[in-house]
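Protein chains in written order, with our numbering: chain G, 272 to 680; chain D, 272 to 680.
Idealized CB from N, CA, C, for every residue including glycine.
Structure first, commentary second.
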C-alpha cells in the first residue's frame with residue numbers, strides 16, 4: 272500500500288532564515304525527531320514515518336524592507352503518525368510549531384484517507400435548501416435584537432416578528448447561555464411555536480438555530496434535549512470547544528438538524544499576519560470538514576470587518592467542489608442591510624446566506640418589515656432588477672433604502 | 272444579594288478611537304445589546320444584566336508613532352449573564368469582540384462565585400510534591416527522545432534510561448497518538464514497569480504523564496483506561512479541545528492523577544501584539560482555573576522562545592496566592608541543559624519543573640547520565656554551590672558543562 276500523507280502549508284516570516292533548512296527541520300522534527308544520525312537499519316524502519324518537504328516558495332524581493340521576507344512552506348505528514356481526528360492533525364502540524372517564530376498555518380490538505388473519517392455536514396447547502404424548500408435564491412437569516420435579560424414571552428415576540436418578515440433562518444445570539452429566564456427547552460418550544468404561527472401567515476418554512484452551550488461532555492445530551500423540544504437547527508461556538516466536538520456532534524445520527532458554526536473567538540486566531548491560522552482554513556475548510564452546515568464569519572461590509580479577499584477565500588473553502596464533504600453555506604455577518612444585497616450576491620454568488628440583525632430590527636416599519644425588505648432585495652437582484660426600481664412597488668424595501676442607502680461597491 | 276461581576280481586560284490599539292466610548296460600547300454591546308434607547312422600566316429590569324466599564328487607561332504619548340496608541344480597558348460582566356463554564360465566559364467577553372479590530376485579551380478576573388465552580392488542580396504544586404515525596408528542590412522532568420515509529424520495547428528502554436537518571440517526571444511526546452506500535456494501555460504498562468525497575472535502583476518515585484488523545488467524548492474513558500493500566504499522570508493538549516474539557520477531566524473524582532497541560536497550538540494565540548490572548552492568561556491563569564497541575568510553556572532560554580517577562584507572568588499566574596485554586600507547577604520548556612539550572616532557579620524560584628529533552632538525551636554519557644547531571648545541577652544550586660565547583664566531584668555534571676557550558680544570564 273502506498274503511504275498516505277496529509278499536507279500543511281505555512282507562511283513563515285524571517286529576514287535571514289535558510290527556509291529550505293527550516294522546512295527540512297519541520298519535516299523531521301515534527302515526525303521522527305531526528306534523521307541524519309540514525310543508523311541505516313533504523314532509517315528503513317522510520318522512512319514511512321518521516322515527513323517530507325513538498326515545496327518551499329520564497330518571497331524575497333531585492334528591495335524587501337525588514338520584516339517583508341517570507342516563505343510559503345508545504346510539508347507532508349505521514350497519516351500513519353496520527354489518529355483520524357482534527358486535534359491529532361493540528362497538534363502534529365502546528366502544535367509546537369505554532370510557537371516557533373513568526374509562522375502562520377495558512378492551509379491544510381488532508382489525505383483522502385484522513386478525510387474519509389469525516390462525514391462532514393449532514394445537510395450542507397443542498398440539504399438546508401431541501402429542508403426549507405427554497406432552491407432559487409440566497410437564504411435570509413436574522414438574529415435577535417437582544418436576548419439577555421429577556422423572558423420567554425419577549426423572546427417569542429421577537430422571534431415572531433422576525434419570522435413574519437419571511438426570513439428563512441433565525442439564530443440565537445451566541446452569548447445566550449442556559450439561564451432561568453429562557454432555559455433551553457422552554458426557549459425552543461416558545462420559538463418553534465412562534466415559527467409555526469408565522470408559517471400560517473407566510474406559508475414558508477423556517478429553521479431556528481438554538482445556541483448549544485454548556486459543559487463539553489454534556490453537549491450531545493443538550494443537543495438532543497433541544498431537538499426533542501423541537502429545535503430544527505443548532506448554533507455552536509465551535510472554537511470554544513475545538514473542532515472535534517463539532518465533528519462528533521455532526522457525526523451523531525441522532526443530531527439530525529443542521530449546525531451553524533459561530534466564529535466566536537476566531538479573532539484571536541486569524542487576523543495576525545505572523546501568527547495563528549488563516550480565516551479560510553479556520554472558518555472555511557476546517558468548519559466544513561468538521562461538519563458545519565453553515566459557517567458565519569465577519570462580512571467585509573460592516574464595522575467588524577474581514578478583508579474581502581479573506582472573505583472570498585472562506586467562501587471558496589466552504590464551497591470547493593474537490594472536498595468530499597458536502598459544501599457548507601457561507602454566512603458573511605455584521606453590518607448587513609438590504610442595500611448591500613446586490614453587493615453580497617455579486618461577491619458571493621447564489622449560495623450565500625444574507626444574515627442581518629440591525630438591518631432587520633432597525634427598519635422603521637419594525638422587524639417584520641425589515642425581514643420583508645431583505646426578501647424583496649433578494650428577489651430584486653434575482654429578477655435582474657435594481658433595488659431602486661424594485662423598491663417602487665415594494666414599500667418595505669423602499670423604506671430600507673431611504674434608511675440605509677444602496678451600496679454598489 | 273449584591274450582583275456579582277467577572278472582569279476582562281483588553282489592550283486595544285487604535286490611532287484615533289474614542290476609547291471611553293469604545294469601552295461603553297463593549298460593556299453594553301456584549302451584555303444587554305442596547306441601553307440609551309430603552310424605556311425607563313426596561314432599564315430597571317435590565318440593570319443587573321448590564322456590563323460596566325471598570326477602567327480605561329490610555330497610552331498616547333505626544334510623540335506616539337502611528338500604531339503606538341493603545342488603551343487598556345477593563346469591563347465587568349454580570350455573572351448572571353453566563354453559565355459557570357470557561358467557554359461561556361470567553362464567548363461572552365471575547366467571542367465577537369476578538370474580531371473587532373486590534374484587540375488582545377490580556378487578563379480576566381472572574382468573580383469568586385464564578386471561580387467557585389472550578390475545583391482546579393487536584394494536586395497542584397504541593398500535591399505533586401507529596402506524590403513524589405520531594406519537597407526541598409525543583410523537580411526534574413524529561414521527555415522521550417523520539418516516539419513515532421518506535422515499538423513498545425524501544426519506548427520502554429528509552430523510559431528506563433531516563434528514569435535511571437533520577438528524574439521525577441517523564442512525559443510522553445504530545446504528538447504520540449493512539450497507534451498500533453504503542454497503544455495506550457500497553458504503553459502505560461511498559462513504561463510503568465520500567466518506572467518500577469528504575470525505582471529499585473534510584474529509590475525514588477516517578478510520575479509518567481501519558482498523552483491523553485482521541486475523540487472529545489472519549490477523553491474521560493481514555494483517561495480512565497490509562498489510569499486503570501497504571502498511569503500516574505496525564506499529558507493533555509488542552510487548546511486542541513478547549514479549557515472546559517480540561518476542567519471536566521480535572522473535576523472527575525475518578526481521574527485521580529495529576530494532569531500536565533501541553534501548550535500545543537498556543538503559538539496561534541499568544542504571540543501577536545494586536546490579537547489573541549496573553550500567555551499569562553492562556554497558559555497561566557486559565558490552565559490553573561481549569562485544573563492543570565503542571566503547565567508547560569516555551570522557556571526564555573531555547574530556540575522556541577517566549578520573552579522572559581511573559582514567562583514570569585505565566586509563572587506568577589500559576590502560583591498567585593490570591594486565586595482559590597491550588598497553585599500549579601510552571602514548566603518552562605525547550606532548549607534546557609544542566610548549565611541553565613542556576614538561571615532557571617534564579618528566574619523562577621523553587622517551585623519550578625526543570626524540563627529537558629535534548630539536554631538529557633544529548634549527554635555524552637547517555638540519557639541516564641543526562642538525568643543525573645540535571646539532578647546534580649539542581650542539588651548544586653540548592654546547596655549554594657556554583658555548578659563548576661559542584662562538578663568537580665560530580666562527573667555527569669562536569670561532562671554536561673563541558674558539552675553545553677554554563678549560562679549565567
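Under the three-state reduction of DSSP, residue 527/D is assigned to coil, being neither helix nor strand. Closest option to residue 328/D, judged by alpha-carbon separation, among 280/D, 308/D, 553/D and 321/D: 280/D.
Under the three-state reduction of DSSP, residue 414/D is assigned to strand. For the region 292 to 305 of chain D, residues whose beta-carbon sits nearer than 8 Å to a beta-carbon of chain G comprise 301, 302, 303, 304 and 305.
Between residue 615/G and the set 571/G, 639/G and 576/G, the nearest pair of CA atoms involves 571/G. Taking 9 Å as the cut-off, the beta carbon of residue 501/G is found closer than this to the beta carbon of residue 459/G. Within the region 473 to 499 of chain G, contact with chain D at the beta-carbon level (separation under 7 Å) is assigned to 484, 485, 486, 487, 488 and 491. Linking residue 587/D to residue 623/G through their CA atoms gives a straight-line distance of about 47 Å. In the DSSP assignment, the residues bridged to residue 344/D are 281/D and 327/D. Within the region 532 to 607 of chain D, the complete beta strand (DSSP E) segments of 3 residues or longer fall at 565 to 569 and 600 to 604, listed in chain order. Put simply, the CB of residue 538/D is near chain G, with a gap under 9 Å to one of its CB atoms. Here the region 291 to 309 of chain D lies against the region 357 to 368 of chain D, with 3 or more beta-carbon pairs under 8 Å apart. A distance below 9 Å separates the beta carbons of residue 396/D and residue 597/D. Straight-line spacing of the CA atoms in residue 312/G and residue 306/G works out to 12 Å. Contact of residue 547/D with chain G is assigned, a C-beta pair being separated by under 9 Å. For residue 316/D, the C-beta contacts it makes with chain G under 8 Å involve 420, in order along the chain. In this structure, residue 552/G sits away from residue 343/G, with a CB-CB distance that is not shorter than 9 Å. Among the residues of chain D, those whose CB is under 7 Å from the CB of residue 448/G are 353, 354 and 359, following chain order. By the beta-carbon neighbour count (other beta carbons within 10 angstroms, threshold 16), residue 492/G is exposed. A residue is called buried once 16 or more other Cβ atoms fall within 10 Å of its Cβ, and residue 659/G, having fewer, is exposed. Boundaries of the beta strand (DSSP E) around residue 480/D: 478 to 483. Between the region 383 to 399 of chain G and the region 555 to 564 of chain G, the count of Cβ pairs shorter than 8 Å is three or higher; the stretches touch.
Residue contact check for residue 519/G against chain D: a CB pair falls below 9 Å. Taking the Cα of residue 648/D as reference, the smallest distance to any Cα among 670/D, 636/D, 367/D and 629/D is reached at 670/D. Residue 390/D sits in coil when the DSSP states are folded into three classes, being neither helix nor strand.
If you compare the alpha carbons of 323/D, 617/D and 662/D with that of residue 651/D, the shortest gap goes to 662/D.
Under DSSP, residue 349/G forms a beta bridge with 276/G. The beta carbon of residue 437/D sits closer than 7 Å to the beta carbons of 473, 475, 642, 643 and 646 from its chain, once the five residues preceding and following it are set aside; these are given in chain order.
In this structure, DSSP gives residue 314/D a helical state, which the three-state scheme calls helix. With 16 or more other Cβ atoms inside 10 Å of its own Cβ, residue 626/D counts as buried. The C-beta distance from residue 532/D to residue 490/D rounds to 14 Å, too long to meet the 8 Å contact threshold. From the beta-carbon of residue 365/G, the residues of chain D found nearer than 9 Å are 535, 536, 538 and 539. Taking 9 Å as the threshold, the shortest C-beta distance from residue 579/G to chain D does not fall below it. Residue 635/D and residue 668/D have their alpha carbons spaced roughly 11 Å apart.
The straight-line gap separating the alpha-carbon atoms of residue 620/G and residue 503/G is approximately 26 Å.
Interface annotation, residue 416/D: in contact with chain G, CB-CB separation under 9 Å.
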